[in-house]
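Q: Following the numbering used here, the numbering of the sequence shown begins with 185 at its first residue and continues without gaps.
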Amino acid sequence: MEVKTSLLDNMIGVGDMVLLEPLNEDSFIMNLRNRFDHNEIYTYIGSVVISMNPYRSLPIYTPQKVEEYRNRNFYELSPHIYALADEAYRSLRDQDKDQCILITGESGAGKTEASKLVMSYVAAVCGKGQEVNKVKEQLLQSNPVLEAFGNAKTMRNDNSSRFGKYMDIEFDFKGDPLGGVISNYLLEKSRVCKQPRGERNFHIFYQLLSGASDDTLMKLKLDRDFSKYNYLSLDSANVNGLDDAASFRTVRNAMQIVGFMEAEVQSVLELVAAVLKLGNIEFKPESRVNGFDESRVKDKNDLKEMCELLGIEQSVLERAFSYRTVEAKMEKMSTTLNVAQAYYARDALAKNLYSRLFSWLVTRINESIKAQAKTRHKVMGVLDIYGFEIFEEGDNSFEQFIINYCNEKLQQIFIELTLREEQEEYIREDIEWTNIEYFNNAVICDLIENNQNGILAMLDEECLRPGTVTDDTFLDKLNTICAEHQHFESRLNKNSKFLTDHSLPHSCFRIQHYAGKVLYRVEGFVDKNNDLLYRDLSQAMYKATHSLMRQLFPEGNPAKVNLKRPPTAGFQFKASVGVLMKNLQTKNPNYIRCIKPNDKKVAHIFTDSLVCHQVRYLGLVENVRVRRAGYAFRQPYESCLERYKMLCKKTWPHWRGPARDGVEVLLTDCSVPTEEFAYGRSKIFIRNPRTLFTLEERRRACLEDLATLIQKIYRGWKSRTHFLLLKKSQVVVAAWYRRYAQQNKYQKIKSATLVMQSFIRGWKARNILRQLKYEKRCKEAVTTIAAYWHGTQARMELRRLKTEARNKRAVSVIWAYWQGTKARRELRRLKEEARRKHAVAIIWAYWLGLQVRREYRKFFRANAGKKIYDFTIQRIMQKYFLGLKTTTMSPMDNSWPAKPYGFLEGAHTQLRRIFHLWRCKKYRGQFTEEKKAVYEEKLEASEIFKDKKALYPSSVSQPFKGDYLEIQKNPKYQKLNSAMEEKVLLADLVNKINRANGKGSPRLFLLTKSNFVLADQKTGQVKASVPLPDLASVSVSTQSDGFFALKLKEGSASASKGDFLLSSEHLIEIITKLHRIGTTAADRDQINIDISDEFLVQFKQDKVCVKFIQGGPKNGNSAACKRKNNRLLEVSVPSP
185 MEVKTSLLDN MIGVGDMVLL EPLNEDSFIM NLRNRFDHNE IYTYIGSVVI SMNPYRSLPI
245 YTPQKVEEYR NRNFYELSPH IYALADEAYR SLRDQDKDQC ILITGESGAG KTEASKLVMS
305 YVAAVCGKGQ EVNKVKEQLL QSNPVLEAFG NAKTMRNDNS SRFGKYMDIE FDFKGDPLGG
365 VISNYLLEKS RVCKQPRGER NFHIFYQLLS GASDDTLMKL KLDRDFSKYN YLSLDSANVN
425 GLDDAASFRT VRNAMQIVGF MEAEVQSVLE LVAAVLKLGN IEFKPESRVN GFDESRVKDK
485 NDLKEMCELL GIEQSVLERA FSYRTVEAKM EKMSTTLNVA QAYYARDALA KNLYSRLFSW
545 LVTRINESIK AQAKTRHKVM GVLDIYGFEI FEEGDNSFEQ FIINYCNEKL QQIFIELTLR
605 EEQEEYIRED IEWTNIEYFN NAVICDLIEN NQNGILAMLD EECLRPGTVT DDTFLDKLNT
665 ICAEHQHFES RLNKNSKFLT DHSLPHSCFR IQHYAGKVLY RVEGFVDKNN DLLYRDLSQA
725 MYKATHSLMR QLFPEGNPAK VNLKRPPTAG FQFKASVGVL MKNLQTKNPN YIRCIKPNDK
785 KVAHIFTDSL VCHQVRYLGL VENVRVRRAG YAFRQPYESC LERYKMLCKK TWPHWRGPAR
845 DGVEVLLTDC SVPTEEFAYG RSKIFIRNPR TLFTLEERRR ACLEDLATLI QKIYRGWKSR
905 THFLLLKKSQ VVVAAWYRRY AQQNKYQKIK SATLVMQSFI RGWKARNILR QLKYEKRCKE
965 AVTTIAAYWH GTQARMELRR LKTEARNKRA VSVIWAYWQG TKARRELRRL KEEARRKHAV
1025 AIIWAYWLGL QVRREYRKFF RANAGKKIYD FTIQRIMQKY FLGLKTTTMS PMDNSWPAKP
1085 YGFLEGAHTQ LRRIFHLWRC KKYRGQFTEE KKAVYEEKLE ASEIFKDKKA LYPSSVSQPF
1145 KGDYLEIQKN PKYQKLNSAM EEKVLLADLV NKINRANGKG SPRLFLLTKS NFVLADQKTG
1205 QVKASVPLPD LASVSVSTQS DGFFALKLKE GSASASKGDF LLSSEHLIEI ITKLHRIGTT
1265 AADRDQINID ISDEFLVQFK QDKVCVKFIQ GGPKNGNSAA CKRKNNRLLE VSVPSP
C-alpha cells in the first residue's frame, strides 16, 4: 500500500488557519507564535500563505526541498512557499491559466526574499537548455541591479524596497521561460535628497564609493569618503553584515549578464556620480539693484565637475539655478530665484535625474529580457509592493497616503477574488452558496480615487487652480467636500464631534482605512503632487552631450516645447494602479502575506503587539472567516477515503466501488451528523473543524491498533520464515553430505582400477619395446657398414681430383710470373725514355727565359712604373666589375657589394643608383595594363591597412583576382551575369551574418562601378542591390578576421532594411576596390574606412554593437560570431 503524507500529519499547532478552533485574534496570534517557536515560518489560510520573517537562514530551501515539493498537491506536505509556487506553475503549465503571485507586508517582513524564492523555485523546476538557462539567469540577475538602485537601509529593514515591482514572466507551451517584463511603481525619490535619522540613501551610492576601483573613481571625479557628500547620511553609512564593495561587484556582473554594454554601465555610473556632485552644490544670496536677492553658487568646483560628467556648459546650468523662465502663450518672462528656490530646484533636479535613470534601467532590462517569439505566451506575474505604512506622531505624508491607497486597492481585489474563488468552487461542486458578510473597503477607495469628489481629484484640482495654492487651501477643500464622509476626520470640518479631539492636529486629516485609522500631515502634499522641474533645468539637461540625457529629459527639446502642464504624481500613480488592477483581475491570484515578528531585526523574538497590528491591517482573521463561512474544510473523495478508510470495516482495507459511495458509508458508520458535511461533485465539504479533528483523533487511535496488528503479523511471519529456512537448510546440508561421501567412495574405487590398468599396460608396452629395439639395431648395423664403404670410395676420388687441380695451378702461376717480369722490364724502359725527354724540355725553357730577361733589362728602367700601375688598376677594375655581376635583377633586392677601395666611393654610389633605375625600368617594361592596375590596388591596400589590421600581412602575397566565381564562364550564374548592366569588377562568395543568432548565410557578392549586389548562392536570385552613393562607410576590426560592415546613409532608399554585416576570405581586396571606386568617382563622396574592435550596426530599427575579442573559438581556427543579447554580437578571433 502506498503511504501518502498530509498537511495534518505531524502538525505543530494548526497548519491551516481555516481549521483553527476557536477562531479569534488571540488564538490566531498564539498559533503563529507556536509555529514560529518551532521554526515553522509558513502557515496557510486556505490557499493563502502567511510568511514570518525568521531573520536567519533556515535549511528549508535546499535542492532536496525543491524536489520534495515538485509536482505535489498543495495540502500534501507541510506549509511552504514552494507549495504555492509549484501550484501556480503547474496551473500555468498544465491548465493554461495565467497566474499572479501577490506579495504584501510591512517593510522588513521579507517580501523581496519571498519573491526571490518564488522565482528561484520556478527556475529550478522548469526546463533546461542553453537558451532557457540564459533566460532564467537574466531574469534572476535583474534583481541585484534593481535592488542596488531601488533599495535602501531603513529603520525597519536593512534592504528595504523603496519602489513597487511587478514582473510578468512569460512561458512557452512547455512551461519554459521565454522572457519577462518589469513594471515599477512610485520610487521614493525624496530619499535621494534627505533620509530620516538612522537610514541610508539608495545602496548604489555606497556600493560605488566602496567597491569601484581607484581608476573608476578618478574618472567619475569621486572620493571614497562618504562625509564629503551632502546627500549621504553618515550616522548609518556602514551596515553590519552588508558588504558594499562585494555588492558592487555583484551588480556589475549582473548588469553584464542582463546585457548592459560597457559604455552603458559607464554612462549609468556617471549619472550616479553627477547626483552626488549635485548635492554638494551650495548657494549664497546676492543683492540686486531692484532689492531682490538672487542666488549664486558658492563653490563652483563641484558644479564644474558635474558639468564635465554630463557634458553641459557650466554657464548654462549656473543660469538655470539662478533664473526661471515662465512662458504663457506667446509671452516669456524671466524671474530670479532666491536661495531657497535654488535649493528646491537643485533637489528637484537630483530627484528627477535619479528617478528617470531608474525608469530607464527598468526599460533597458525589459529590452534584454523580453520574449523574442511573437506567439501567445503564458504569463506568471510576481507583485512585490510596499505594505501598509503608519508612522507615529503624524509623520505620514503624501508618500504614505499613496502607498496606503495602493494597499486599499489590493485589499479590495483580494476580498473580491477570494469570495469569487469561494463562490466558483461552491457552484462547481453544486453546493448551496451562503452569503458572507464582510467589510467592503470600496467606500474608502471611492473616497480617495473618485473622479469628482475624491481626495486625489481635489488635490489635482488645487495644483491646477490659478492663484495662491497652499496645503491649507487643499485641507479647506477637503473639509468642505468630505466633511460628511464616515471615513474622513478633520478638526476643521463641519462635523462638530472632532472639534475637541486633541489627538487630531489642525494641519492634519485622518482616514479610517481597513487596517485602521491613519493620521496624515497635509504639509508637502501640493508640492509632492506637483513634482515640478523648472523648464530651464529640463532644457539645460537636454543640451548635455551625455548619451542618456536626451532620453531622460525629452521635454527639454526646444523644438518641441509643450506649454501643457505635465500630469501630477497622484494622477500618474492612480492610472498605473488602475492598469495593475486590470492586469491582476485577468489572472489567477496567489497570495503571500509577509509578517515581521519584531522591530529589532533579530531571530527568536516574537512581539505579540507588532504581529497583532499586522494581522489586523492585513485582514487575516477576516480572511479566515470569509474562507470558513460556509465549510471550513474540503477534500477530494479519493483523498478522504484513502486517509480515513481504516475507521470503517466496510471500507478497510480496500473499497471496490466509487470513492463517493465509500465516503458516504464511512461517514455513516462514524455517526457524523449530516448537518456537519455536504457532498459535492468531486469533494466532501466539512463545516466545523471539530468534526475534522474528531476524525483525526479516531484515525490516530486506529493507526495505533493497526500498527500493533501489523507488528504481531510481522513477528509471526518472521519466526515462521526463520523456521522454514532452518528446515530447508538441514535438508540441504544432509543431501550435500551424502553426495560428498558417495563421491569419496567412487574416487577410491576409480583410483584402484586405474593403478591396475596402468601396471598391465606397462608390462605389455615393455615387451613390445624390447622387440622393436632389437629390430632397430639390426637395421642400424647394415646402414653403418654401407656408410663406411661409401665414405672410403668418396675420399679416394677426392684425393685424385685434388692432385689434378694442383698440377693445373702450378702451370698458371709460372706463366703469370713470366708475363709480370716482361711487363716490368718494358715499364723501366719507358720511364727512362720519358726522363730524358723532360730534361731536354726544361733546359730549353731555361735558355729561352735567360734570353727574354736579357732583352727586358734594356727597357725596364724607362717604362716599368707606368706599366705596373696601369696593369694594377686594370686588374682592380676588372675584379670590381666582375664582382658586380652577382647582383640580382629584382627591384626588391637591396643588396649591393661593398666598395673594395676608398677611391671608388663616388663611382660606387652612382653605379648603384644607375643600376637600380635601370633594372626597375626593365622590370616595369614587363608589366601589362592589367598587372599595373593590380599593383596600384596593392599600393592602395597598403595605405589603408598597413599596421592597422592584423589580416593585411597575409594578404600581401595573394594576388587580387577579382572574379573568384568565374561568373562569365560558369553556366550556373549565366542568368545572374546577364542581369548585370555593367562589368563585374569583383565576384566572391561571402557570409551574411544573421542578427538573431550570429550565424552566416552564404551570398554571392558582385561589385560594379555603380553598385554592389547580394544574390542567393543556389538560385542566383538577387536579394539586394545597393547603389554605391548610398554607402556611407565600411567598418572592420583590427584583428585577423574577415568580418566587415557596410553602413548605409540614413534616409537613403536602401537603408530601410538596415546595414549589412558580412564576412569574406578576401576582405582586403573587397574594401580596397570599394575605396578605389569611391576615390576615382567624381560624382560621389569618398567612402570612409573605420577600423575599430567595437562598432555599431543598424539592423532595421535597432542598433547592435559588434564587439571583437581574442580567444580561440571551439569550431577551429576561424573567427566565430555569437549573439550575447539583443544589443550585442560578439566575434571571437583566434589569438595570433
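Note that the Cβ used here is the ideal one computed from N, Cα and C, for glycine as well.
On the DSSP letters alone, give me the boundaries of the beta strand (DSSP E) that H1250 sits inside.
A: Position 1066 of the sequence shown, counted from the first residue, corresponds to residue 1250. Counting along the chain, H1250 falls outside any beta strand (DSSP E), and DSSP gives it neither H nor E.
Q: Please name the residue or residues paired with L1322 in a DSSP beta bridge.
A: The question about residue 1322 has no answer here: the residues shown for the chain are numbered 185 through 1320.
Q: Could you give the C-beta distance for N341 and S417, rounded to a whole number, given that I count them as a contact under 8 Å?
A: Locating residue 341 in the sequence shown gives position 157, where the first residue counts as 1. Locating residue 417 in the sequence shown gives position 233, where the first residue counts as 1. Contact doesn't hold; Cβ gap of about 16 Å is too wide.
Q: Three or more beta-carbon pairs under 8 Å between the segment 1128-1146 and the segment 1243-1253, yes or no?
A: With a cut-off of 8 Å, the segment 1243-1253 and the segment 1128-1146 count as touching, because enough Cβ pairs lie within range.
Q: Taking the beta carbon of C907 as the centre, do at least 16 other beta carbons fall within 10 Å, making it buried, or is it exposed?
A: For the purposes of this step, residue 907 is taken as residue 723 along the sequence shown, with counting starting at 1. Residue identity differs from the one stated: residue 907 is Phe in this sequence, not Cys. F907 should be labelled exposed.
Q: Can you check the segment 1035-1109 for any alpha helix (DSSP H) of at least 4 residues that lies completely inside it and give the ranges in chain order?
A: Those alpha helix (DSSP H) runs which fall completely within the segment 1035-1109 and span 4+ residues are 1089-1109.
Q: Are K482 and Q498 close, meaning C-beta to C-beta below 8 Å?
A: Numbered from its first residue, the sequence shown carries residue 482 at position 298. Numbered from its first residue, the sequence shown carries residue 498 at position 314. No, they are not a contact pair.
Q: Among M564, D356, Q607 and R800, which residue has its Cα nearest to the Cα of C284?
A: Numbered from 1 along the sequence shown, position 100 holds the residue referred to as residue 284. Ranking M564, D356, Q607 and R800 by Cα distance to C284 puts M564 first.
Q: What are the boundary residues of the beta strand (DSSP E) that P1211 is part of?
A: Position 1027 of the sequence shown holds residue 1211. From DSSP, the beta strand (DSSP E) with P1211 extends over V1206 to P1211.
Q: Please look up how many angstroms separate the CB atoms of D428 and Q391, rounded, as I've assumed it's under 8 Å.
A: Here the question's residue 428 lines up with position 244 in the sequence shown. Here the question's residue 391 lines up with position 207 in the sequence shown. Right, the Cβ-Cβ distance comes to about 5 Å (below 8 Å), so this counts as a contact.
Q: What is the DSSP secondary structure of P247, counted as helix, strand or coil?
A: Here residue 247 refers to the residue found at position 63 of the sequence shown. In this structure, P247 counts as helix in the three-state DSSP scheme.
Q: Pick out the complete beta strand (DSSP E) segments inside the segment 804-880, 3 residues or longer, and give them in chain order.
A: For the segment 804-880, whole beta strand (DSSP E) runs of length 3 or above, ordered along the chain, are 817-820, 861-863 and 867-870.
Q: Looking only at its own chain, which residues have a Cβ that is under 7 Å from the Cβ of Q178, when we skip the five neighbours before and after it?
A: Here the chain has residues from 185 to 1320 only, and residue 178 is not among them.
Q: Tell me, please, which residues DSSP counts as bridged to A336.
A: By 1-based counting over the sequence shown, the position of residue 336 is 152. According to DSSP, which records beta bridges pairwise, A336 is partnered with S344 and F386.
Q: In the DSSP assignment, the beta strand (DSSP E) including A555 goes from what residue to what residue?
A: Within the sequence shown, the letter at position 371 stands for residue 555. Element bounds for A555: n/a, residue is neither H nor E.
Q: Any idea if D1077 is buried or exposed, counting beta-carbon neighbours within 10 angstroms, 16 or more meaning buried?
A: Counting from 1 along the sequence shown, the entry for residue 1077 is found at position 893. By the 10 Å Cβ count, D1077 comes out exposed.
Q: Assuming Y369 is part of the beta strand (DSSP E), what are its boundary residues?
A: On the sequence shown, position 185 is the one that residue 369 refers to. First-last of the beta strand (DSSP E) with Y369: P361 to Y369.
Q: Can at least three beta-carbon pairs, one atom from the segment 263-283 and one from the segment 816-823, be found at a separation below 8 Å?
A: They do not touch, by the three-pair rule.
Q: What is the residue span of the alpha helix (DSSP H) that Q498 lies within?
A: The residue given as residue 498 occupies position 314 in the sequence shown. Here the alpha helix (DSSP H) through Q498 covers Q498 to A504.
Q: So what's T434 in DSSP terms, helix, strand or just coil?
A: Mapped onto the sequence shown, residue 434 falls at position 250. T434 falls in the helix class under three-state DSSP.
Q: Over what stretch of residues does the beta strand (DSSP E) that includes L286 continue unbroken?
A: As a position in the sequence shown, residue 286 is number 102, starting the count at 1. Per DSSP, L286 belongs to the beta strand (DSSP E) from Q283 to G289.
Q: The alpha helix (DSSP H) that contains F212, what's its start and end?
A: The sequence position of residue 212 within the sequence shown is 28, counting from 1. E209 to D221 is the extent of the alpha helix (DSSP H) around F212.
Q: Note down, in chain order, each residue of its chain lying with its Cβ closer than 7 Å to the Cβ of Y413, except the 5 sequence neighbours on either side.
A: The residue labelled residue 413 in the question sits at position 229 within the sequence shown. Answer for Y413: L460, G463 and N464, listed in chain order.
Q: Under a three-way DSSP split, which group does V187 fall into?
A: What you label residue 187 is simply residue 3 of the sequence shown in a count that begins at 1. Low per-residue confidence applies at V187: pLDDT is 39, beneath 50, and the placement is therefore not dependable enough to give any value.
Q: So who's on the other strand from P781, going by DSSP bridges?
A: Numbered from its first residue, the sequence shown carries residue 781 at position 597. BP columns for P781 are empty, so no partner.
Q: Over the uninterrupted alpha helix (DSSP H) stretch that includes Y1136, give me the two end residues.
A: Walking along the sequence shown from the start, residue 1136 turns up at place 952. Segment Y1136 to V1140, the alpha helix (DSSP H) holding Y1136.
Q: Please identify the residue among F1087, E573 and S451 whose C-alpha is closest to the C-alpha of L736.
A: For the purposes of this step, residue 736 is identified with residue 552 of the sequence shown, where counting begins at 1. Of the candidates F1087, E573 and S451, the one whose C-alpha sits nearest the C-alpha of L736 is S451.
Q: From what residue to what residue does the alpha helix (DSSP H) around F658 run?
A: Locating residue 658 in the sequence shown gives position 474, where the first residue counts as 1. Where F658 is concerned, the enclosing alpha helix (DSSP H) stretches over D655 to I665.
Q: For the beta strand (DSSP E) containing V1290, name the first residue and the last one.
A: Position 1106 of the sequence shown, counted from the start, is the residue given in the question as residue 1290. That run of the beta strand (DSSP E) goes D1286 to Q1294.
Q: Run through the DSSP bridge pairs and tell me what A1199 is partnered with.
A: Stepping through the sequence shown from its first residue, residue 1199 is reached at position 1015. Note: A1199 sits in a beta bridge opposite L1188 and V1206.
Q: Hey, is the segment 295-306 in contact with the segment 566-575, meaning 3+ C-beta pairs nearer than 8 Å?
A: Yes, the segment 295-306 touches the segment 566-575.
Q: Keeping to the same chain, check which residues put their C-beta closer than 7 Å to that of P1137; ignore five residues upstream and five downstream.
A: In the sequence shown, residue 1137 corresponds to position 953, counting from 1. Nothing meets the Cβ criterion.
Q: To the nearest whole angstrom, what separates the beta carbons of L323 and M303, a pair I think is in contact under 8 Å?
A: Along the sequence shown, one-based indexing puts residue 323 at 139. Along the sequence shown, one-based indexing puts residue 303 at 119. About 7 Å separates the two Cβ atoms, so the contact holds.
Q: Rounded C-beta distance between T520 and S506? I'm assuming under 8 Å.
A: As a working mapping, residue 520 is identified with position 336 in the sequence shown. As a working mapping, residue 506 is identified with position 322 in the sequence shown. Contact holds; Cβ gap of about 6 Å.
Q: For L1173 versus P1155, is the C-beta spacing smaller than 8 Å?
A: Counting from one through the sequence shown, the residue named residue 1173 turns up at place 989. Counting from one through the sequence shown, the residue named residue 1155 turns up at place 971. Cβ atoms of L1173 and P1155: not closer than 8 Å.
Q: I need the boundaries of the beta strand (DSSP E) containing V1174, first residue and last residue.
A: Your numbering for residue 1174 matches position 990 in the sequence shown. L1170 to I1177 is the extent of the beta strand (DSSP E) around V1174.
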